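In the numbering used here, the protein residues as written are 2 to 315.
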């Protein structure tokens, strides 16, 4: 099955939150190495159905082989942003069981020499989850204006030295193109003051570029709004995030739809209001985090947060 090794973060917690039931339809929005899908399939067989999505060809190839014996699985080589479109095209009206998202980039992606995610990579800057994506890190770093780079580094990376780093990048670009991830990491390292920290100085900038290249935050917002309309009553939405920007989107989404809210419109001089019932019920009011044992085994799980909610009042 090749060398696609991916550690599934909070596997049991994320799948258990779905309360998997035989006979219902489930979606794994981010197939990756197939561990979430495999555990769901074990819980819903023989009559349940699972549809799993991923844009990464390597993940598709690995997981297709890993899960080849499950006849109630459909693997779709497409982004989770197209879940609604796929279900519509295939006559599927509702997700009766639930949907799980693991929003982190997989270890094979981050360590892949050819993807350019790693600070040590000498391959061309890329950072696309899908090899078919239009925009790569190379275009962002070499074509974006200085103020655009500052915005991305600040907004998506929460990088305190955004201006210094963007200025250094544009200075280097005057004489040559910035070609590799290692080259970019060295520029960032030299542009920032030495401060005591556990993380590499380029970490936040690389995160910001990855988010920009893959439209990650917009994709999360749009897809959550899509899937909430597809969930049948009592179906569950389970989401694992890996940084504060993702978690903030999910937290606010869950909060908004789990409260009673009021629609208003102006009709002449009158303000007309109508109260609407909440359509999500929070399963865990506070996010679930990885256990110490898991963090020791897989340090990146330290930042992961799991939120889950149930569709109600449909």
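Backbone N, C-alpha and C fix where the C-beta goes; we use that ideal spot for every residue, glycine too. Just so it is clear, the structure is predicted and the values come from calculations on it, not from any experiment.
query	result
Quick one: what's residue 239 bridged to in DSSP?	101 and 309
Less than 8 Å separating the beta-carbons of residue 180 and residue 132?	no
Am I right that residue 319 and residue 214 are in contact with their C-beta atoms under 8 Å? What's the rounded C-beta distance?	Residue 319 falls outside the range modelled here, since the chain spans only 2 to 315, and no answer is possible.
So what's residue 173 in DSSP terms, helix, strand or just coil?	helix
Closest to residue 10 by CA distance: which of 299, 313 and 308 is it?	299
May I have the straight-line CA-CA distance separating residue 294 from residue 68, to the nearest angstrom?	27 Å
Give the range of the alpha helix (DSSP H) segment to which residue 217 is assigned.	217–231
Tell me the DSSP secondary structure of residue 282 in three-state form.	strand
Quick check on the burial criterion: 16 or more other C-beta atoms within 10 angstroms. Buried or exposed for residue 253?	exposed
Taking all protein chains shown into account, do 16 or more other C-beta atoms lie within 10 angstroms of the C-beta of residue 75, making it buried, or fewer, making it exposed?	exposed
For residue 301, I'd like the list of residues in its chain whose CB is within less than 7 Å of its CB, leaving aside the five on either flank, ordered along the chain.	none
With a threshold of 8 Å, are at least 3 pairs of Cβ atoms found where one atom belongs to the stretch 150–166 and the other to the stretch 189–199?	yes
Secondary structure at residue 78, three-state DSSP: helix, strand or coil?	strand
Taking the alpha carbon of residue 29 as the point to measure from, which residue in 63, 72 and 80 has its own alpha carbon closest?	80
Evaluate residue 33 with the Cβ neighbour count: other Cβ atoms within 10 Å of its Cβ, from every protein chain shown; 16 or more gives buried, anything less gives exposed.	buried
Need the endpoints of the alpha helix (DSSP H) that residue 144 sits in, please.	138–144
Would you list the residues sitting across from residue 96 in a DSSP beta bridge?	232
Judging by CA-CA distance, which residue of 31, 289 and 297 is the nearest neighbour of residue 308?	289
Look at the Cβ atom of residue 36, then the Cβ atom of residue 12, and state whether they are nearer than 8 Å.	yes
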